[in-house]
Structures are given as structure tokens and as C-alpha cells.
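Right, one structure below, let's go through it.
2 protein chains.
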Amino acid sequence: MKKSALILISLLFTLSLSSQGNKNLAELLGYPKDSKLLIIHADDMGLSHSVNMATIKAFDNKGITSGSIMVPCPWSPEIEVYAKDHPGMDVGIHLTLTAEWDLYKWGGITPADQISSLLDKDNYFFTSVEELGKSAKGIEAEKELRAQIDKAIASGVHPTHLDTHMGSVLANPELVKIYLGLSDIYHLPVLFPRTYLSWFPPEMAKSMQSKIFLLDNLFMLEPKMINGKWIDAYKKGIETLKPGLNEMIVHVAIDNDEMQAICKGHDDYGSSWRQKDLDLVSSPEFKDLLKANHIILIGWRQIRDLMNSKVAK
Amino acid sequence: MKKSALILISLLFTLSLSSQGNKNLAELLGYPKDSKLLIIHADDMGLSHSVNMATIKAFDNKGITSGSIMVPCPWSPEIEVYAKDHPGMDVGIHLTLTAEWDLYKWGGITPADQISSLLDKDNYFFTSVEELGKSAKGIEAEKELRAQIDKAIASGVHPTHLDTHMGSVLANPELVKIYLGLSDIYHLPVLFPRTYLSWFPPEMAKSMQSKIFLLDNLFMLEPKMINGKWIDAYKKGIETLKPGLNEMIVHVAIDNDEMQAICKGHDDYGSSWRQKDLDLVSSPEFKDLLKANHIILIGWRQIRDLMNSKVAK
Numbered sequence: 001m002k003k004s005a006l007i008l009i010s011l012l013f014t015l016s017l018s019s020q021g022n023k024n025l026a027e028l029l030g031y032p033k034d035s036k037l038l039i040i041h042a043d044d045m046g047l048s049h050s051v052n053m054a055t056i057k058a059f060d061n062k063g064i065t066s067g068s069i070m071v072p073c074p075w076s077p078e079i080e081v082y083a084k085d086h087p088g089m090d091v092g093i094h095l096t097l098t099a100e101w102d103l104y105k106w107g108g109i110t111p112a113d114q115i116s117s118l119l120d121k122d123n124y125f126f127t128s129v130e131e132l133g134k135s136a137k138g139i140e141a142e143k144e145l146r147a148q149i150d151k152a153i154a155s156g157v158h159p160t161h162l163d164t165h166m167g168s169v170l171a172n173p174e175l176v177k178i179y180l181g182l183s184d185i186y187h188l189p190v191l192f193p194r195t196y197l198s199w200f201p202p203e204m205a206k207s208m209q210s211k212i213f214l215l216d217n218l219f220m221l222e223p224k225m226i227n228g229k230w231i232d233a234y235k236k237g238i239e240t241l242k243p244g245l246n247e248m249i250v251h252v253a254i255d256n257d258e259m260q261a262i263c264k265g266h267d268d269y270g271s272s273w274r275q276k277d278l279d280l281v282s283s284p285e286f287k288d289l290l291k292a293n294h295i296i297l298i299g300w301r302q303i304r305d306l307m308n309s310k311v312a313k
Numbered sequence: 001m002k003k004s005a006l007i008l009i010s011l012l013f014t015l016s017l018s019s020q021g022n023k024n025l026a027e028l029l030g031y032p033k034d035s036k037l038l039i040i041h042a043d044d045m046g047l048s049h050s051v052n053m054a055t056i057k058a059f060d061n062k063g064i065t066s067g068s069i070m071v072p073c074p075w076s077p078e079i080e081v082y083a084k085d086h087p088g089m090d091v092g093i094h095l096t097l098t099a100e101w102d103l104y105k106w107g108g109i110t111p112a113d114q115i116s117s118l119l120d121k122d123n124y125f126f127t128s129v130e131e132l133g134k135s136a137k138g139i140e141a142e143k144e145l146r147a148q149i150d151k152a153i154a155s156g157v158h159p160t161h162l163d164t165h166m167g168s169v170l171a172n173p174e175l176v177k178i179y180l181g182l183s184d185i186y187h188l189p190v191l192f193p194r195t196y197l198s199w200f201p202p203e204m205a206k207s208m209q210s211k212i213f214l215l216d217n218l219f220m221l222e223p224k225m226i227n228g229k230w231i232d233a234y235k236k237g238i239e240t241l242k243p244g245l246n247e248m249i250v251h252v253a254i255d256n257d258e259m260q261a262i263c264k265g266h267d268d269y270g271s272s273w274r275q276k277d278l279d280l281v282s283s284p285e286f287k288d289l290l291k292a293n294h295i296i297l298i299g300w301r302q303i304r305d306l307m308n309s310k311v312a313k
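Protein chains in written order, with the numbering used here: chain A, 1 to 313; chain B, 1 to 313.
Written as C-alpha cells, this is what we have:
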């Protein structure tokens, strides 16, 4: 079957939620109907040794419940081996088609001449999602994204989900279709907030809504939210969580020479920022905040396993 | 002209030393005939941020006189930009066809499907020179090596010389020919100790001897030499230097989390080893040792410029 046909079929998705009667996701996972489910997710595993160490620390501290690997990055072998040796760790693939830092770059894992529409003149990924969106050919993007997932699996990782670095795979409608198609091909849930449905024609959005686990709310700290103590911006995010499936994305790293050099010239999501995120999720204050707001922490593994148990029916 | 012909012609070399009458290299550079010339050379620039910072520090301290960049490594863009902005820095290309660490890997900069004989199943370079030597096809190796030099030049680096990571380009006779050929193509001197001549048929060795700047002595610290203080092994090396062209290879790095993670499981040439090398070349004791032994420090730039001035004649 041609890949384009596969992509189309994949849009029909893997899971028919309607088969579950009137139970919502919380109930299907064994929680009360109006539970505020929250995945606390660390992006960018594999980006650097600093990020790898910080993510492992955050998992060990139970500060995060999930994370995802940037397979094309220099330090992915380290975290892939760690994930293989720690199969309980909830790890997905952070599908990567951009390389945003100035002096620390990476390209795809597919031979460069097979994915030239994704690469700049030095065969690195583009810096911005905009450049990617204008240049990317779907067939090349799909080849690279599948190679990233395949490589992680071959390394012994059992991915729990797919998500996307800087929203790479949301760069244009063709990439979005490919992204959703990968969910079907690999039997993995994808990060996809409900608000994104408005990008699609109403009929397609309706069909999607009934067939994938949509995030009801995605919270990620943005520079404009920072005013005063680090925890305060997160406090607002947590206190306004509603029942349903929520994800909070954090960026953790050890603020050291390596990370400072990678992020040089970029304060937003930079080295100091990431250390603050690590300190935050590891802190008793943050855990108290979750408890006070009756948050139920879950990971992507529970959703993947639920999804696949239903597929098997 | 076909590349194979170019390679052959390159073996005829660039420089006819015989045109210089009876002057030896020291005299051609303006020093007394029996001078003990020494290049103190830092390998592995670009390998990591730690190595980059240490090398810059060693240059600033005048602990080294030359260094070379591993272009395919993750941190090469950082040091290439630094070299571009510091054109006085004596920087060559550390031609790289191996990736020896366990969890921190790199492949070539040429599309992987064009250099498959140089790569393992994950498209990383082989770990050992032996594996490379058995598998490498000359045409693919030359394509990759030229791409490495071209990329550095395109980044604004003006290379002073070529040398080779782990002796990659000495892995088999075909690679040696390519290596020497690159000297001719790029008008750059190559690291080539006189003792290597014994690998070649006598006639060819004789011809080479008259046409390239051979190193009279190459000193690199080996594990078996270490016994007591770090400086003691180097002391022996320095005290036994003879008049002629000598190179001392050092491996400098900051002994930090990043470098320890790269070198995990490898004490030899590991993170602590490299910090000791950095401390050594920066120390007054080391500089006193050089002075006491009447060493004249030079860089590869002087040799390159001499070589090209003669070519122009």
C-alpha cells in the first residue's frame, strides 16, 4: 500500500471512543468522572547531558510523570539506553524537525539527500517552524519521523506516546495529517489539544473528536506569564485546571556550562529557566499545590494501554 | 579529471624541499639549524563544549600552539565560529572517521547513503580504526574528508593543517594515499611522522621524504607512561626531544559533568586525564621545562605559510 494511502487511512484513527458507552477518559482509567487528570511532561530528553540528568532526577523525585526524547540530538543514545534499562519510565518520542539553537545543531537521522526539503544548506534542520512549514515535503517528513520512532524502538525504548518539538509537526496541514497518521501506524497516543480542532473543517474535526484522546487543556509556561516567583505562574495554571485530560509541559535541565552554552543568547527556555523548572517540580510547595487542587497525576502509558486494549476488542 | 587520478597526482606532493638548497626546516623558518622546534597540539576541538572551553583557555594561556577541529562532532559549530572570530588561532582539521565513545556518537556530514562503508547500522562512524580499515571504500572516505574540510572553510575557518582523529586516515593504505592527497588539494601540511615512511615501498618513501614536511618526532602521552606526577611523563618526552620538527599532542578538557558523561567507562584519555593535560600545559612548571630544554615553540601556520610560499615560486 502506498504511504499516502496509509496516511489517509490513519486519519480514521485507532480508537472509537463511542464503543465505551458514556464513560469518559477518567472513568475508563478508573477515576471519578470529574477528575482533573494531569500529565506533567518534560520535553527535550536527549538534547544534552544536562537535560538527561535533570529529567532522570525529576522522574526520581516524582516531579514529572512523562517525558519525550529528541531522537536526532547528540545525547539521545544516553537517554535511550537509560530508558531501556528503566522500562517503567514513561517515555515518548518528541518528534523533531527543527534545531533552534545558534551553535549547537542537528539534522535528521535519514540520509540528508533523502530529506533535503527539511534541511538548511549545512544539512541541519531549520531554526524555525515557519521555515520548515514552507519547505517541508510530506513524504520526506514522514520518512524522517518514522525513522526517529524506529530508531528509538530499535534502541530498546517502548514509547508511550508521540509529541512534537516546537510544534514541528504542526507546521503545515500535511504534516499534521502525517503526525496523526503515525498514531495509527505505531498504536501510540499523540499530544493533540482540543483547541487545535478548530484548524480543521467541521466534519473532519467532529470525526477526530470522537476518535482520539484529545487534551482538554495544555499548559506551558510562557515568558509573558512570569511575574514574581516562579511557582506563581504555575499556580495560576494549576488552579484553573478543569476536569478532563490536562498536560503541563516543563523544560528541565541542570544550569551548567554545557546548558548555558547551548542556550547562549536565549533567556526564554534557557539554562536558568530550565533549572527553575527542575527545582519547581521537585519542590514540596509544587506537590502541595497539586494536592490542594485535587489533581490526579497520570502518564501517557495509561492512555496508550487503554487505547490499545480497546483497539484489541 | 577523475578523483582517482587526482589522488595519484597528489602523491607527487606540493613541495619540493630540494629547491631550498641545504637549509633545513628550522633555518627556513628563521631559526638556528639545530633548533628543537615543537608544536604543542590540542586534539579534538568540537568534540564537546568542555573541550572547546579548555582549548580556548589553553590557547589564551599559551599552553598550546595549535589545535584541530573534529568537524562532524556536535560542538564544532561553536568552535568554528570562535575560530572565525579569532583568525590568529592556529587551527587545523582533525579528520574524523571514527566515533569511539559509547553513548555519545556522530556520523559523517555527507548523506549517510553516500558513505555507507564508513558507518555502522545506526549511521554512526565505527568505534575502532580496525573496523573502519576493513570496511572503508576510498571514494566514500575521500568524499567525507573533503566535506569536513569544505564545511570548516565555509564556516570561516582558515585551516593551518590536517591531522587525524585516532589515526582514522591511517586505517588502510588507500586512506593514507587520500590523506596525503588532501595536502596537495588544499595546500595544507599534514601530520606525518618520519617513522611512518617504513610503511611504504622504499622508492615511494624516498620520494615522499623529499617532498613533505615530515615530523621527526611525535610525542603523545600513553597510559603505560604514567607513573607518579603527571608532569614526569611529559618531562621524559621533552628532555629527549632532538633537533628537528617535533609535535606533542595533548588532550585538554574541563573535567565536568558533560565530559565525564562522554568518557564514562574510559579512564584513558578520559575527563580527568584531559583536565590534567589542561592544568599541565597551563602550568609555570611546564613552561620552565620547555625553557630549560631550549625548545622553540612553533605552530602549523608557519609551516603552511612556508609550504605555500615555496609552491608559489
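By construction, the Cβ of each residue, glycine as well, lies at the ideal position given by its N, Cα and C atoms.
N217(A) is bridged by DSSP to N246(A). DSSP, reduced to helix, strand and coil, places P74(A) outside both helices and strands of the structure shown, so it counts as coil. By the Cβ test, the segment 52 to 71 of chain B is in contact with the segment 273 to 291 of chain B, since at least three Cβ pairs between them sit closer than 8 Å. Between R194(A) and L214(A), the C-beta spacing is below 8 Å.
For V81(A), at least one C-beta of chain B is nearer than 8 Å to its own C-beta. Secondary structure of P193(B) (DSSP, three-state): strand. DSSP places K36(A) outside any alpha helix (DSSP H); the residue lies instead in the beta strand (DSSP E), whose first and last residues are 36 to 45. Any Cβ of chain A closer than 8 Å to the Cβ of H49(B) would place that residue at the interface, and such an atom is present. About 6 Å separates the beta carbon of D90(B) from that of T65(B), a gap short enough to meet the 8 Å contact definition. Listed along chain B are L103, Y104, A261, each with a C-beta nearer than 8 Å to that of E78(A). In chain B, no part has a C-beta under 9 Å from the C-beta of P159(A); the shortest such distance is about 17 Å. Distances from the CA of R304(B) to each of L162(B), N123(B), K143(B) were compared; the closest alpha carbon is that of L162(B). When C-alpha distances from H94(B) are compared across K105(B), D232(B), S76(B), T110(B), the shortest belongs to S76(B).
Between the alpha carbons of L25(B) and H158(B) lies a gap of roughly 23 Å.
Taking a C-beta distance under 8 Å as the contact criterion, L145(B) and I109(B) do not qualify as a contact pair.
Three or more Cβ pairs closer than 8 Å define a contact, and the segment 243 to 260 of chain B falls short of that threshold against the segment 78 to 87 of chain B. For H94(B), the enclosing beta strand (DSSP E) starts and ends at 91 to 95. Straight through space, the alpha carbons of I149(A) and L118(A) are spaced by roughly 17 Å. Below the 8 Å Cβ cutoff, chain B contributes P111, D113, Q114 as neighbours of D113(A), in chain order. Within the same chain, Cβ atoms closer than 6 Å to the Cβ of Y124(A) are found at A99, K105, G107, the five residues on either side in sequence being excluded. If you look at D163(A), you'll find it in the beta strand (DSSP E) that goes 162 to 164. Shown here, G270(A) sits in coil according to DSSP, grouped into three states, outside any helix or strand. Comparing alpha-carbon positions, the option among H49(B), K151(B), C263(B) lying closest to P72(B) turns out to be K151(B). Legend: CB atoms of the segment 256 to 284 of chain B lying less than 7 Å from CB atoms of chain A belong to residues N256, D257, E258, A261. Judged by DSSP secondary structure, G133(A) falls within the alpha helix (DSSP H) whose first and last residues are 129 to 135.
Think of a sphere of 8 Å around the beta carbon of P72(A): no beta carbon from chain B falls inside it, the nearest being about 11 Å out. For G270(B) and N172(B), the gap between their C-alpha atoms comes out near 27 Å.
Counting along the chain, I185(B) sits inside the alpha helix (DSSP H) bounded by residues 173 to 186.
About 6 Å separates the beta carbons of K235(B) and L289(B), which is inside the 8 Å limit, making them a contact pair. Taking 8 Å as the cut-off, the Cβ atoms of L38(B) and L306(B) do not count as close. For L28(A), the enclosing alpha helix (DSSP H) has its first and last residue at 25 to 28. Within chain A, the residues D257, A261 have their CB atoms less than 9 Å from the CB of M53(B), given in chain order. Secondary structure of L241(B) (DSSP, three-state): coil. L132(A) and L97(A) have their alpha carbons spaced roughly 8 Å apart.
By the CB criterion at 8 Å, S50(B) and N256(B) fall inside the cutoff.
Residue pairing by DSSP places T110(B) in no beta bridge whatsoever.
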